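Residue numbers (my numbering): -17 to 150.
The beta-carbon is built from N, C-alpha and C at its ideal position, and this holds for glycine as well.
Note that the structure is a prediction, hence the values are computed from the model and not measured.
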Ligand SMILES: NC(=O)c1ccc[n+]([C@@H]2O[C@H](COP(=O)([O-])OP(=O)(O)OC[C@H]3O[C@@H](n4cnc5c(N)ncnc54)[C@H](OP(=O)(O)O)[C@@H]3O)[C@@H](O)[C@H]2O)c1
């Protein structure tokens, strides 16, 4: 089973504030949905609470050290048990979908990264640990323009979508 991570981050590696996302980029959400649909998605309890419900057409695996439970999701105290659940279901690509704590803890398991680099700088309290790309091969890259509202304010920042595969 391949283990992938998918994350959107700003210029200073910021990914969240007050358990919320920092921007609204509808094309990025659509992309996330397309990429993860039909797969097992693994997240920390805080990210699950920020989403608030199981995402449709995906099997949600939630990590907690406590006794958190929620209808429609599988909860695990142990990472390997969560991986096994996906493996036993025949999953071919498991997606780690955050947050900061989970990305950092599970980074060494990741085979493929789906990264959205967002042209955004601002206050945050959750960050991605800086990635050293020298051990990764870029396999795909696409750029998206900023979208402005009627007042000329940024409605949706510019972003680049890149996929990276771990070097052998
Ligand atoms: N930009 C993006 O792409 C993106 C994606 C996802 C999330 N986010 C942002 O990230 C932030 C949340 O990140 P976070 O670091 O605060 O929280 P998190 O990683 O979502 O969840 C942390 C929680 O996961 C559980 N946990 C962590 N390691 C564990 C382990 N080894 N075994 C079992 N359970 C474990 C613990 O839950 P218990 O406390 O229940 O024990 C811990 O408190 C939010 O701001 C969110 O919006 C951004």
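In or out: residue 42 buried (at least 16 other Cβ within 10 Å) or exposed? Position 60 of the chain shown, counting from 1, holds the residue named residue 42. Residue 42 should be labelled buried.
Cβ contact (3+ pairs, closer than 8 Å) linking the region 21 to 34 and the region 70 to 82: yes
Does residue 65 come out as helix, strand or coil in the three-state DSSP assignment? Residue mapping note: residue 65 aligns to position 83 of the chain shown, counting from 1. Residue 65 falls in the helix class under three-state DSSP.
By the three-class DSSP mapping on this structure, what secondary structure does residue 86 have? Looking up residue 86 in the chain shown gives position 104. Correct three-state label for residue 86: helix.
Any idea which residues DSSP pairs residue 33 with across the strands? The residue you call residue 33 lines up with position 51 of the chain shown. In DSSP, residue 33 forms no bridge with anything.
Could you pull the DSSP bridge partners for residue 128 from this structure? Here the question's residue 128 lines up with position 146 in the chain shown. The partner list for residue 128 (beta bridge, DSSP) is empty, contrary to what the question assumes.
Under DSSP, the alpha helix (DSSP H) around residue 14 begins and ends at which residues? Looking up residue 14 in the chain shown gives position 32. 8 to 18 is the extent of the alpha helix (DSSP H) around residue 14.
Best match in 47, 18, 144 for proximity to residue 38 [C-alpha to C-alpha]: Residue mapping note: residue 38 aligns to position 56 of the chain shown, counting from 1. Taking only the C-alpha atoms, the option nearest residue 38 is 18.
Where residue 28 falls: helix, strand or coil (DSSP): Residue mapping note: residue 28 aligns to position 46 of the chain shown, counting from 1. If DSSP states are grouped into helix, strand and coil, residue 28 belongs with the helices.
Just confirm the distance between the C-beta atoms of residue 24 and residue 105, as a whole number of angstroms; I'd bet it's less than 8 Å. Here the question's residue 24 lines up with position 42 in the chain shown. Here the question's residue 105 lines up with position 123 in the chain shown. With a Cβ gap of about 27 Å, residue 24 and residue 105 do not count as contacting.
Taking 7 Å as the cut-off, is the CB of residue 28 close to at least one heavy atom of ligand 1? Numbered from its first residue, the chain shown carries residue 28 at position 46. Yes.
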